[in-house]
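Colleague: My structure is below; once you've seen it, I'll send some questions.
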Amino acid sequence: MNRKIGQYGGKLPGTLVLAFGALHGNEPAGVHALEEVFRLLENEQHVHPGFAFHGKLVGLIGHLQAFEKKVRYLEKDLNRIWEPAFVEQMLRQKNGTPVAEAREVVEIFESIRAEMETFPAKEIVLLDLHTTSADGGIFSIPTDETASLALARALHVPVILRLQDSIEGPLLKFAAAGHFHSAPATIAAIAFEAGQHDDPQSVDRSVAAVICCLRATRCFNGEVLKSQKDILLRANAAHLPPVVILRHVHHIGAEDQFRMRPGYLNFQKIHKGEHLADDVNGPILSPLDGLILMPLYQPKGSDGFFIVQ
Ligand SMILES: [Zn+2]
5 MNRKIGQYGG KLPGTLVLAF GALHGNEPAG VHALEEVFRL LENEQHVHPG
55 FAFHGKLVGL IGHLQAFEKK VRYLEKDLNR IWEPAFVEQM LRQKNGTPVA
105 EAREVVEIFE SIRAEMETFP AKEIVLLDLH TTSADGGIFS IPTDETASLA
155 LARALHVPVI LRLQDSIEGP LLKFAAAGHF HSAPATIAAI AFEAGQHDDP
205 QSVDRSVAAV ICCLRATRCF NGEVLKSQKD ILLRANAAHL PPVVILRHVH
255 HIGAEDQFRM RPGYLNFQKI HKGEHLADDV NGPILSPLDG LILMPLYQPK
305 GSDGFFIVQ
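When we follow the working numbering, the leftmost residue of the sequence shown carries the number 5, and every step to the right adds one.
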């Protein structure tokens, strides 16, 4: 299987947009969405011969090995290991690497560098497409940079602030810190959460988010490629808060035997003292009033739940 899903543009100057699907192998919606976006772009070129695409879009599969096996990850969460010292060590060791994810880190690093060299752009956008195990999780996660925040707002879904800071080693944080490029380029990195893993609408919402992102990045102008999917994305997010701030993360380890209590949905209201989950030490109560995000209903994961306000 090829890591590269497709590419489009590259003839006119503009932004280099690197879009990732399945950085978690059990989240195929982003990959299918990118395949569809490339089909839509090819089609647009035939329907409207004057269609001009500024910049270049490249779609990549994040965790190739886990995607083939339909699991979140093999040994380590690929979105929690982008620490500069670790990445540098993996790049030095290359073939003698100890964990399965190290191969992914090296290949992703080299793919991104190669794309940046092939299409040297002043502005780079990194869009990371995800889904969640619980229903209703439609939101964007920017880094602290202004360009990233602006892009997150452009998707018309709730923006979750401070989330990148609270987790260890996500790809976006590594990218936003400039570890992929030495040239004087700016990078805007955001993650988009499209909803539940197996919901077919998660693919549609991801398609809308990618198109929206390309439009906000001025890869093409105005009204082209507007579809029912944009309406779906806006409608699904209409009742959700526009901006929230992360207040609490319940980190977990395998030895905790963490079990979320059933029935929690993304953005569901919770109260201080509410019995949310259990682990080896007994009940886990909410430390504050807020809205719950990404309650964990799958065996693998390093965070039990998030609370935003
Ligand atoms: Zn994910």
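Where a beta carbon is used, it is the ideal one built from N, C-alpha and C, also for glycine.
I'd like the list of long-range same chain contacts for L95, defined as Cβ closer than 7 Å, with 5 residues on each side in sequence excluded.
Modeller: Within the same chain, L95 has close Cβ partners V110 and F113.
Colleague: Between the beta-carbon of V253 and the beta-carbon of D307, is there less than 7 Å?
Modeller: Contact: yes.
Colleague: Any beta carbon from chain B within less than 7 Å of T147's own beta carbon?
Modeller: Structure shown: chain B not included; a single protein chain is present.
Colleague: Below 8 Å on the Cβ atoms is my guess for H160 versus L237; work out the distance and round it to an integer in Å.
Modeller: Correct: roughly 7 Å between the Cβ atoms.
Colleague: Helix, strand or coil for G286 per DSSP?
Modeller: Three-state result, G286: strand.
Colleague: Is R209 buried or exposed, if buried means 16 or more other CB atoms sit within 10 Å of its CB?
Modeller: When all chains shown are included, R209 counts as buried.
Colleague: Cβ atoms of G66 and G10: under 7 Å apart, would you say?
Modeller: Against a cut-off of 7 Å, the Cβ pair of G66 and G10 comes out as no contact.
Colleague: Give me whichever residues DSSP pairs with F309 in a beta bridge.
Modeller: Bridge partners of F309: H254.
Colleague: Assuming F24 and D132 make a contact with CB atoms under 8 Å, what is their CB distance in whole Å?
Modeller: Going by Cβ atoms, the distance from F24 to D132 rounds to 5 Å, so yes, they are a contact pair.
Colleague: Using a threshold of 6 Å, is the CB atom of H315 nearer than that to any non-hydrogen atom of ligand 1?
Modeller: Nothing about residue 315 can be reported from this structure: the residues present for the chain run from 5 to 313 only.
Colleague: Just the Cα atoms here: how many angstroms apart are G182 and L45?
Modeller: C-alpha separation (whole angstroms): 29 Å.
Colleague: Ends of the beta strand (DSSP E) at A193?
Modeller: Segment T190 to Q200, the beta strand (DSSP E) holding A193.
Colleague: What are the complete alpha helix (DSSP H) segments, minimum 4 residues, inside the segment 126-161?
Modeller: List check, alpha helix (DSSP H) in window: 150-158.
Colleague: Provide the residue span of the alpha helix (DSSP H) that contains I112, from first to last.
Modeller: Segment A104 to T122, the alpha helix (DSSP H) holding I112.
Colleague: Quick check: the Cα distance between K74 and A104, rounded to an integer number of angstroms?
Modeller: C-alpha separation (whole angstroms): 15 Å.
Colleague: So, is L289 buried or exposed, given that buried needs 16 or more other C-beta atoms within 10 angstroms?
Modeller: That one is exposed.
Colleague: Buried or exposed: A242, going by 16 or more other Cβ atoms within 10 Å of its Cβ?
Modeller: The residue is exposed, with fewer than 16 neighbouring Cβ atoms inside 10 Å.
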